[in-house]
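Peer 1: This structure is in structure tokens; I'll ask about it shortly.
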Amino acid sequence: MFEAVFSQFRSIWRILGHSFSRAETVQYPEQKPYLAPRYRGRIVLTLDPDGEERCVACNLCAVACPVDCIALQQGVREDGRWYPEFFRINFSRCIMCGMCEEACPTYAIQLTPDFEMCEYQRQSMVYEKEHLQIAGTGKYPDYNFYRVSGLKIAGKDKGEALNEASPIDIRSLMP
Amino acid sequence: MSDGLTMLFGLFVLLGAVGAAAALTWFERRLLGIWQDRYGPNRLGPFGSGQVLADMLKLLTKHDWVPPFADKLVFIFAPTAIVVAMLLGFAVVPFSSSLYIIDLNIGLLFFLGMTSLAVYSVLLGGLASNNKYALLGGLRSAAQMVSYEVFMGLSLIGVVMLTGSFSMRDIVEAQRDGWYCISQFLGLCVFIVAGIAESHRLPFDLPEAEHELTAGFHTEYGGMKFAMFMLGEYLGLMLICCMIVTLFFGGWLGPILPAVVWFVIKVFVLICFFILLRAAIPRPRYDQLMSLGWKYMLPLTLINLVVTGAVALSLAEV
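One line per chain: the protein sequences are D and S, in this order.
All residue numbers for the first sequence refer to numbering that gives the first Met the number 0, where the first residue is 0 and numbers rise by one.
All residue numbers for the second sequence refer to numbering that gives the first Met the number 0, where the first residue is 0 and numbers rise by one.
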């Protein structure tokens, strides 16, 4: 009983001591918290270092997405590059899980530390390609998919990519 | 004071008490914020005091709804009862030697009676809601109030014995030689505990107990009727603080400053202490509350009563 009473008084005293400690509150709209670069917020589509679209419309992000909020349609350019004819993310469904970013083979789709994307109308939460596309390379400044892939495009034939051997002539027996 | 002046002062106390109770909602949240290392409401107006207005506007404009399954008459009557009872309790509080509404020769009994009446509000509110959580809340409050009422009254008998009067003014005047918080220390402790239980504030807010009974007796209440319950609770807190100051801390007595200022300062400090209790102490279990009441508080009160009686008697014989 005495122990219980003593512990009550001790906790009262300790709480009183908190009169002199600073508040932990971050006063949000005026005072922004630090968000790490890897924070999972608004999704963007990035360009490669040469300023070309990174997305090859492989649909892996749409497959990885657990809430099915990504929709896109593949097209092929005249130079042989693949690109999305449209790319749509419904942010009213998106749960910012980052699965699409992990699935992406070309670092095209990336999550950014921006989360302030409230809207008054639900339809405004649907972002089209022109809303998603940014002018830079995002978190991976040097990566260019077409420079390392075996796909043939205009100006880069088979076997001309980085670390790629020339194609083998399968009709020849010569080593 | 003349009748007209008394009436005017009564009106002033009425409005003052209600206004202070409203301000207290904001003040309590700020103070709790400080003790929990956060800010509390700080957006609206200076130091967030506009929050009071915002809350009031919200409560006033809410749909005044009576659930179809409730006992309508009692449901509406219950929240008014607590406010009326608590406001009537303020009638016997002496703010200074000349500032008071009425000086009853049974002032203390009147106060005890009024706080007991407040029990009906909680009880009827819980019963009329026709909701199992509300009923459980009402049940608990009935048990809590009945058992804590016993030694709430008994703890004050020591003060009455030393003074020889039930009149609040006489009690304060008798403390000129020394406040009763020293000679009646046990009585003070018991009265504080009983007072918290009586105004059912944390840590003794078992009738409400939001984590087990949703909102206890006022689960079904909303809008202004809910506001009345809250108003009653804060009025009860202020009334208990006024009473503790009057009975144990020498009421308006104090050097230099005017009497009323002393009274207000003491009440203010005590209210802060009550809020500190809320910030620091967790809510006990229902059976713990009961055993604390009957096994420790009641014997302590009786010991206090017997010792005080013996001392008073021996002093009187000399």
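Built from N, CA and C at the ideal position, the CB exists for glycine as well.
At what residues does the beta strand (DSSP E) containing D/R87 begin and finish?
Peer 2: 81-89
Peer 1: Can you tell me the Cβ-Cβ gap for S/S198 and S/E148, rounded? I've got them flagged as a contact below 8 angstroms.
Peer 2: Actually they are not in contact, since the Cβ atoms of S/S198 and S/E148 sit about 12 angstroms apart, beyond 8 angstroms.
Peer 1: Under the three-state reduction of DSSP, which class applies to S/G215: helix, strand or coil?
Peer 2: DSSP places S/G215 in the helix class (H, G or I) of the three-state scheme.
Peer 1: Show which residues of chain S have a CB atom less than 7 angstroms away from the CB atom of D/E23.
Peer 2: D36, R37
Peer 1: Beta-carbon of D/L7 versus every beta-carbon of chain S: anything under 8 angstroms?
Peer 2: Residue 7 of chain D is actually Gln in this sequence, not Leu. So, interface residue.
Peer 1: For chain D, is any of its Cβ atoms less than 8 angstroms away from the one on S/G275?
Peer 2: In the sequence as presented, Gly is not what sits at residue 275 of chain S; that position holds Leu. S/L275 counts as touching chain D.
Peer 1: CB S/V91 to CB S/L230, shorter than 8 angstroms?
Peer 2: no
Peer 1: Under 8 angstroms between the Cβ atoms of D/R53 and D/T111?
Peer 2: no
Peer 1: Compute the beta-carbon to beta-carbon distance between S/A84 and S/M151, rounded to the nearest angstrom, for a pair I have assumed lies under 8 angstroms.
Peer 2: Contact doesn't hold; Cβ gap of about 15 angstroms is too wide.
Peer 1: Rounded to whole angstroms, how far is the Cβ of S/W251 from the Cβ of S/V171, which I believe are closer than 8 angstroms?
Peer 2: That belief holds up - the Cβ atoms of S/W251 and S/V171 are roughly 7 angstroms apart, short of 8 angstroms.
Peer 1: Count the other CB atoms within 10 Å of the CB of D/P36; is the residue buried (16 or more) or exposed (fewer)?
Peer 2: exposed
Peer 1: So, using beta-carbon positions, are S/F248 and S/Q183 closer together than 8 angstroms?
Peer 2: no
Peer 1: Please determine, among S/F74, S/A196, S/R175, S/G157, the residue with the shortest C-alpha to C-alpha distance to S/T307.
Peer 2: S/G157
Peer 1: Note down, in chain order, all residues in the stretch 286-298 of chain S with a beta-carbon under 8 angstroms from any beta-carbon belonging to chain D.
Peer 2: Y295
Peer 1: Tell me whether D/I108 sits in a helix, a strand or coil according to DSSP, three-state version.
Peer 2: strand
Peer 1: How would you call S/R325, buried or exposed, if buried means at least 16 neighbouring beta carbons within 10 angstroms?
Peer 2: A query on residue 325 of chain S cannot be resolved here, the shown segment of chain S reaching from 0 to 317 and no further.
Peer 1: Counting only beta-carbon atoms, is S/I33 nearer than 8 angstroms to chain D?
Peer 2: With 8 angstroms as the cut-off, S/I33 counts as an interface residue toward chain D.
Peer 1: Starting from D/H17, find everything on chain S with Cβ-Cβ shorter than 8 angstroms and list it in chain order.
Peer 2: I33, W34, Q35, D36
Peer 1: At 8 angstroms on the CB atoms, spell out the chain D contacts of S/I280, in chain order.
Peer 2: Q7, S10, I11
Peer 1: If we ignore side chains and look at the alpha-carbon of each, how far apart do D/D67 and D/R92 end up?
Peer 2: 8 angstroms
Peer 1: Determine the closest residue to S/F26 out of S/T60, S/L212, S/M237, with distance taken between C-alpha atoms.
Peer 2: S/M237
Peer 1: Using a C-beta cutoff of 8 angstroms, does D/S20 count as contacting chain S?
Peer 2: yes
Peer 1: Where do the ends of the alpha helix (DSSP H) carrying S/A133 lie?
Peer 2: Its alpha helix (DSSP H) spans residues 131-162.
Peer 1: So which residues of chain S does D/I14 contact, with C-beta pairs closer than 8 angstroms?
Peer 2: D/I14 reaches chain S at W34, L275, A278, A279, counting residues in chain order whose Cβ is nearer than 8 angstroms.
Peer 1: In angstroms, rounded to a whole number, what distance separates the CA positions of D/P174 and D/G149?
Peer 2: 21 angstroms
Peer 1: Roughly how many whole angstroms lie between the Cα atoms of D/Y82 and D/D49?
Peer 2: 15 angstroms
Peer 1: List, in chain order, every chain S residue whose beta-carbon is nearer than 8 angstroms to that of D/M0.
Peer 2: For D/M0, the chain S residues whose C-beta falls within less than 8 angstroms of its own C-beta are Y295, listed in chain order.
Peer 1: Would you mind giving the Cβ-Cβ distance between D/I11 and S/L275, rounded to the nearest angstrom? I have them listed as a contact below 8 angstroms.
Peer 2: 6 angstroms
Peer 1: Tell me which same chain residues have a C-beta within less than 6 angstroms of the C-beta of D/S165, skipping the five on either side of it?
Peer 2: In its chain, beyond the 5 residues on either side, G158 have a beta carbon closer than 6 angstroms to the beta carbon of D/S165.
Peer 1: Assign D/A56 to one of three DSSP states: helix, strand, or coil.
Peer 2: coil
Peer 1: Counting only the same chain and skipping the five closest in sequence on each side, list residues whose C-beta sits under 7 angstroms from that of S/G49.
Peer 2: L43
Peer 1: With C-beta atoms as the reference, is D/C103 less than 8 angstroms away from D/L59?
Peer 2: yes
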